[in-house]
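Quick notes on the structure that follows.
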Amino acid sequence: MSNDKLIGELDFDPTALKEKYDYERDRRIRPDAKKQYVGTSVGRFEQYSRDPWSDADVPREALIEHTSVIIAGGGFGGLLLGARLRDAGITDVRVIETGGDFGGTWYWNRYPGAMCDIEAHIYLPLLEELNYAPKHRYAYAAEMLEISQRIGKEYGLYDKACFHTAITGAQWSEDENHWHIQTDRNDKLTADYFILACGRQSLPKLPNLPGIDQFEGHIFHSSRWDYSYTGGSSEGGLTGLEGKRVGVVGTGATALQIVPEVAKDAGELLVFQRTPSTVGVRGQCETGPDWVDMSKPGWQRERRENFQAHVQFGTQAGYVRPDVDMVGDGWTGAFEVLAEPEDSVTKRLGRPPTQEELAELSEINDYRLMNQIRGRVDDVVEDPTTAEALKPWYRWWCKRPGWHDDYLAAFNRKNVTLIDTHGQGVERFTRNGVVVDGVEHPLDCLIMATGFESAISYTELTGFDIIGRETTLSEHWANGVRTLHGMSTDKFPNMFFIGGNTQTASAVNAVHLLDEQSQYVAHILGQTEAKNARAVEARPQDVEQWVRIIAESPKNHAMFRFFAQCTPGYYNAEGKAETSADLFIGGRYGDGPLAYYDVLHNWASDGELQGYALKQD
Ligand code: NDP
């Protein structure tokens, strides 16, 4: 027991916990790191990426047309861009999307129980503009798809949208001052501006293990759910699984949502776990029109900013946690435990804390939070061995935090078994099922909740290289990503990219980030048009300055040290990250999202497009 002024009383031994965390981490580190996975967008496993939601083979005439703006991607990013461009007076917009409709993540991910664990009122785009009140505290996939369609209609984005279409090439023409874009539908398109909103984790991946293509049962990836086999819908009712032995591989944020639903209908459910997720209380409920006062102009931005101010990772320069916690959910509650405001530490110590003291306090608070999370497992899960296996042993942010009201309780059902692989993972697949620790588990159906390719290059993400002025994007970034504000680069005129890419900010609420970025891009295009310029391009010296700001951020270095010690996962290049840029959320604007948004707002306020060169002829 310690009774230190800095950390207060402790009813646990931090040294023992640290040793346990190190032990659990070490036994998960694999030499093949990121190579343990295989992508499914091309090649041997292509069928795992096929669109189950609409017929991708419907023929259409190839298009030869010019549009003012081409947007790659019809998810929330592409939709927000379309909306914010229209607000700026730019309406001639074509969205190109590989799926059969708008929706992006929520077009693809329609697995049973799919919902978003960020409060719907701050997550869903354009609620104020659409005067739309979400039905639940955490929106289900069907509602998110519906709101995507609503935005598409409201903002006229269906008129020129090309669905089931993949861009295969993009070249800037310096003489014509526009982009040439080719697609896999033989379209030959041109556009004044080319904007990419391609998401970050859109390409399903599988563990690259022996035997996966020999399994003779039914198998699919979580993001391409096969309702023709399981029956039911994203709301459940999976009657096709009655009497079947079903396996779910993976226990990340997706599996947390799938497991309770499959458990209701499968004859038997086996959950193959390598690393347990943290599972906080979600508190799902119906909301209705009065959940939030939506009458005040700017309410959604205010609520988003309030949420962000509560979930800043570490102490952010100049930002104070507001007294009011508008969202008041598991996210903000976790930061309440994790990040004590510096002034309250100062009061306790009678002097300002040192950086080392703050780091020590943060580690202790992390143990406190994780003890609560592990305690919840004991409270809910009846079988002590299963409960022990479901406990996560790492710092809270080491893996994407999870929330669910029914996941842990699902393991109390007689038809559900946790197959804990003790950090080693599934070994291999056979004709009949899955092998763990030399034991074969026969299965009728295998659901691969094994995630998405991440921390890949931009060219790998989009599936094509972009040819700008003088160079390709892959060459231009061969020695590291170079951007201005994370959204443009020199030598690529009239081209922008939005999303949580490197050199932007790392936001829990990705849609907040996308909206800020969309407004930034719309502002630039609006100003470029207003000034009658033909092209706008980030200046190399301003790009370099932004790269320096990111590289020299002490918070980025601190973040790297934190994640480097974490249990392996896609956050830290499977435990092999060598620099901040290797981290999934590394190489970001160090002072956090609110400070980053302030940079964008202040930058835009004078309308001068500083850092950009305009070409007039
Ligand atoms: P993840 O990458 O998070 O999880 C993949 C899972 O597969 C992990 O549990 C991993 O284990 C496991 N796995 C991989 N290989 C093996 C193996 N050989 N044997 C056993 N298990 C294995 O993917 P998700 O689809 O869960 O999540 C992807 C992203 O989507 C996340 O960023 C998440 O934030 C987001 N998401 C967001 C939601 C929201 O509500 N906002 C909901 C769902 C997803 P290990 O951990 O050991 O690597």
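Heads up, the sequence shown is in the numbering used here, so the first residue is 2 and it goes up one at a time. Beta carbons: idealized from backbone N, C-alpha and C, even for Gly. Predicted model only: the values in this text are computed from it and were never measured.
query                                                                                                                                                                          : result
So, helix, strand or coil for Y156, using DSSP?                                                                                                                                : coil
Give, in chain order, every unbroken run of the beta strand (DSSP E) that is at least 3 residues long and sits entirely within the stretch 422-474.                            : 434-437, 440-443, 446-449
Output needed for D438: all residues of its chain with C-beta closer than 8 Å, excluding positions within five of it in sequence on either side, in chain order.               : T422, H423, Q425, E428
The ligand NDP heavy atoms versus the CB of P53: any closer than 6 Å?                                                                                                          : no
In whole angstroms, what separates the C-alpha of E575 from that of R375?                                                                                                      : 23 Å
For the candidate residues I220, L207, Y24, R28, whose alpha-carbon lies nearest to that of R432?                                                                              : I220
Let me know the alpha helix (DSSP H) ranges lying completely inside the stretch 278-329, each 4 residues or longer, listed in chain order.                                     : 300-311
If you count every other CB in all the chains shown that lies within 10 Å of the CB of A539, and 16 or more means buried, which is it?                                         : buried
Measuring only the C-alpha atoms, how far is G9 from T16?                                                                                                                      : 16 Å
According to the neighbour-count rule (16 or more other Cβ atoms, all chains shown, within 10 Å of its Cβ), is P353 buried or exposed?                                         : exposed
Please state the DSSP three-state secondary structure of K616.                                                                                                                 : strand
Which one of T106, M145, K19 has the shortest CA to CA distance from E120?                                                                                                     : M145
Please report how far the alpha carbon of K415 lies from the alpha carbon of P323, in whole angstroms.                                                                         : 46 Å
Suppose you measure from the CA of I420 to the CA of T484; what does that come to, to the nearest Å?                                                                           : 45 Å
To the nearest whole angstrom, what separates the beta carbons of D407 and P594, a pair I think is in contact under 8 Å?                                                       : That pair is no contact at about 31 Å.
Measuring CA to CA, which of T503, K400, E269, F497 is closest to C446?                                                                                                        : E269
Label T316 either buried or exposed according to how many other C-beta atoms from any shown protein chain fall within 10 Å of its C-beta, with 16 as the threshold for buried. : Reliability of the predicted coordinates at T316 is poor, the pLDDT of 49 falling under 50, and no value is obtained from them.
Across which residues does DSSP place V247 in a beta bridge pair?                                                                                                              : L270, C446
Is H137 near T255, with beta carbons less than 7 Å apart?                                                                                                                      : no
Could you check what DSSP says for G485 in three-state terms: helix, strand or coil?                                                                                           : Just to set this straight, residue 485 is Leu in the shown sequence, not Gly. The answer is strand: DSSP assigns L485 an E or B state.
Hey, quick one: how far does the alpha helix (DSSP H) through R375 stretch, first residue to last?                                                                             : 356-381
Check whether the Cβ atoms of L82 and I91 sit closer than 7 Å, and answer yes or no.                                                                                           : no
Give me the DSSP bridge partner(s) of G40.                                                                                                                                     : K206
Distance, Cα to Cα, Q313 vs A531?                                                                                                                                              : 37 Å
Per DSSP, what kind of secondary structure is L11 in: helix, strand or coil?                                                                                                   : coil
At a cut-off of 6 Å, is T252 close to the ligand NDP when judged by its beta-carbon and the heavy atoms of the ligand?                                                         : yes
DSSP has S174 in a bridge; who is on the other side?                                                                                                                           : H179
Could you round the C-beta distance between Y49 and L207 to whole angstroms and report it? I think they count as a contact, below 8 Å.                                         : 6 Å
Along the chain, where does the alpha helix (DSSP H) that runs through Y194 open and close?                                                                                    : First-last for Y194: 189-197, but that is the beta strand (DSSP E), not the alpha helix (DSSP H).
Return the first residue and the last residue of the beta strand (DSSP E) that S229 is part of.                                                                                : Counting along the chain, S229 falls outside any beta strand (DSSP E), though it belongs to the alpha helix (DSSP H) covering 228-231.
Helix, strand or coil, according to DSSP, for F77 in the structure here?                                                                                                       : helix
Which of the three DSSP states is assigned to G334 in this structure?                                                                                                          : helix
Is Q309 near the ligand NDP - that is, is its Cβ less than 6 Å away from at least one heavy atom of it?                                                                        : no
Would you identify the three-state DSSP class for F216, choosing helix, strand or coil?                                                                                        : coil
Does the distance from the CB of Y395 to the CB of T231 come in under 7 Å?                                                                                                     : no
So G251 packs on A565, CB below 8 Å; how close in whole Å?                                                                                                                     : That belief does not hold up - the Cβ atoms of G251 and A565 are roughly 24 Å apart, past 8 Å.
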